[in-house]
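Colleague: Below: one structure in structure tokens.
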Amino acid sequence: MVPPKSRSRDRNLYSEAPLLQHSKTVFFYSHLSGGAQKAKANAISQKEKTLSREHIDHRQILSFAEARVNLPKDKADAYRQQAGRLADKLENYIGEHPDFALRRIMLSGSLAKGTSLRSLSDIDMAVYISGSDAPHDLRQVLEYLAERLRKAFPNFAPEQVKPQTYSVTVSFRGSGLDVDVVPVLYAGKPNWRGDLISQEDGSFLETSIPLHIEFARKRKSAQPRHFAQVVRLVKFWSAQLKRQDPDFRFKSFMVEMVLAKLCDEGANFSDYVEALQTFFTYVARTGLRERIVFEDHYKASAVGALSDPVQIIDPINEKNNVARLYTADNASRIQQAALEAGDAIDAALRAPTKSLTEYYWQQVFGPTFTA
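In the numbering used here, the protein residues as written are 36 to 406.
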């Protein structure tokens, strides 16, 4: 991806044709009175949208998602079973050694929430650690966790359990899939609240894996199938941009929070074309400068004053701004990308041919998009 300022020229290029067609339509009816002219132009515009929907609509976006975006169900089930076997082994070991420092292991991340992409390469799990001897230094706690995982899984070779920057990777030789295990320091708080290592900067943040999963489940229940699908589509869009531009940042959890806010406010995600436009319009309009906060577990008033340019507050921990490391430039890049994606969809809704409509959708989802 080229810098935002130069990309604005690209946006004009791919929106010029349909906008020109639309302006010609208005010109042809310029002899009519103002009200009649506007009504006629609107009728033509609506006809254009209807014709474009015949080329690519909700059904084609869903087909693309199933073929290119979503983690297939059989793979998701296999990965969950693999994570389950790891959890069962640890739970059995804990049962036999009640004084063991590792208290519980839980599936977390996109696989637990049902929002994984086809490109999933590892499984996220969280291990709860308790005990007075558990270290609080980042490097020491990772070594501590790795040592105890090796004890719990004696059949694993030492190289299959390796500390990383913010987690411990457990590698399965059979499937070739890695499990990233993140330590959570647990002091017995309700709902399995504990201090999780941030994957961004290594700081310790209070969280609750079960409550985060329940938060996602609540939004999925409000719009069954559709909420999770729209999350995956937007994550796919973001992933395309990250591959093009190493400076583009928009982590998946922030995407989920923006969509959760729109869901809570009544946005209808059952039409994926409209749902995507709702998302891009919100990001383009606000530039992510509007605070996002949820009241599932605390009052919005509990969040104090912050100077961060982007403020998306963790729904489980009112003291954690999940976007605290995002700069104004990061936000501007996201806003510009949303503007371009929204313009591309607008152009697709006015395109007179299927090939042109498909071309505009490729500006959103990349060259693999076909209808």
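For each residue, glycine too, the CB sits at the ideal point set by N, CA and C.
So, for E393: in the same chain, excluding its five sequence neighbours on each side, which residues have a beta-carbon less than 6 Å away from its beta-carbon?
Modeller: Closer than 6 Å at the Cβ level, and outside the excluded window around E393, lie A406.
Colleague: Once the 5 residues before and after A100 are set aside, which same chain residues still bring their CB inside 7 Å of it?
Modeller: Q264, R267, L268
Colleague: Contact check, S165 vs A136 under 8 Å by CB: the rounded distance?
Modeller: 6 Å
Colleague: Any contact between the stretch 218-234 and the stretch 155-162? By contact I mean 3 or more CB pairs, one from each, below 8 Å.
Modeller: yes
Colleague: Go to G377, then tell me how far its beta strand (DSSP E) extends in each direction, as first and last residue.
Modeller: From DSSP, G377 is part of no beta strand (DSSP E) but of the alpha helix (DSSP H) over 363-383.
Colleague: How do the stretch 182-199 and the stretch 246-259 stand: do at least 3 beta-carbon pairs fall below 8 Å, yes or no?
Modeller: no
Colleague: Going straight from the alpha carbon of T403 to that of K224, what length do you get?
Modeller: 47 Å
Colleague: Is there contact between the stretch 342-357 and the stretch 236-244, where contact requires at least three CB pairs shorter than 8 Å?
Modeller: When Cβ pairs closer than 8 Å are counted between the two stretches, the stretch 342-357 is seen to touch the stretch 236-244, the count reaching three or more.
Colleague: When the distance is taken between beta carbons, is T388 closer than 9 Å to H90?
Modeller: H90 is a Cβ neighbour of T388, given a cutoff of 9 Å.
Colleague: Does the structure place the stretch 339-350 close enough to the stretch 228-239 that three or more beta carbon pairs sit under 8 Å?
Modeller: no
Colleague: Count the other CB atoms within 10 Å of the CB of G119; is the residue buried (16 or more) or exposed (fewer)?
Modeller: exposed
Colleague: Going by beta-carbon coordinates alone, are R368 and R284 separated by less than 9 Å?
Modeller: It is a contact, given that the beta carbons lie within the stated cut-off.
Colleague: Given Q397, which residues of its chain have a CB within under 6 Å of its CB, disregarding the five upstream and five downstream residues?
Modeller: Same-chain partners within the cutoff: F404.
Colleague: Where does G119 fall in DSSP's three states?
Modeller: helix
Colleague: Identify whether T204 lies in helix, strand or coil by the three-state DSSP scheme.
Modeller: In this structure, T204 counts as strand in the three-state DSSP scheme.
Colleague: Helix, strand or coil: which one does DSSP assign to L246?
Modeller: helix
Colleague: Can you tell me the Cα-Cα spacing of P198 and E178, whole angstroms?
Modeller: 6 Å
Colleague: On the DSSP letters alone, give me the boundaries of the alpha helix (DSSP H) that I96 sits inside.
Modeller: Run containing I96: 93-99, per the alpha helix (DSSP H) assignment.
Colleague: Kindly indicate which three-state DSSP category K224 falls into: helix, strand or coil?
Modeller: Reduced to three states, the DSSP call for K224 is coil.
Colleague: Mind checking who P218 pairs with in its DSSP beta bridge?
Modeller: V162
Colleague: How is the alpha helix (DSSP H) around K197 delimited, first residue to last?
Modeller: Where K197 is concerned, there is no enclosing alpha helix (DSSP H), although the beta strand (DSSP E) it sits in stretches over 196-198.
Colleague: Taking the beta strand (DSSP E) that E106 belongs to, which residues open and close that run?
Modeller: With the sequence shown as reference, residue 106 is identified as Leu, and Glu is not the correct amino acid for it. Run containing L106: none; DSSP gives neither H nor E here.
Colleague: Could you tell me which of Y361, L384, D282 sits nearest to L311, measuring between CA atoms?
Modeller: L384
Colleague: DSSP three-state label for N356, please.
Modeller: In the displayed model, N356 falls within a strand according to three-state DSSP.
Colleague: Give me the Cα-Cα distance between A373 and V318, rounded to the nearest whole angstrom.
Modeller: 6 Å
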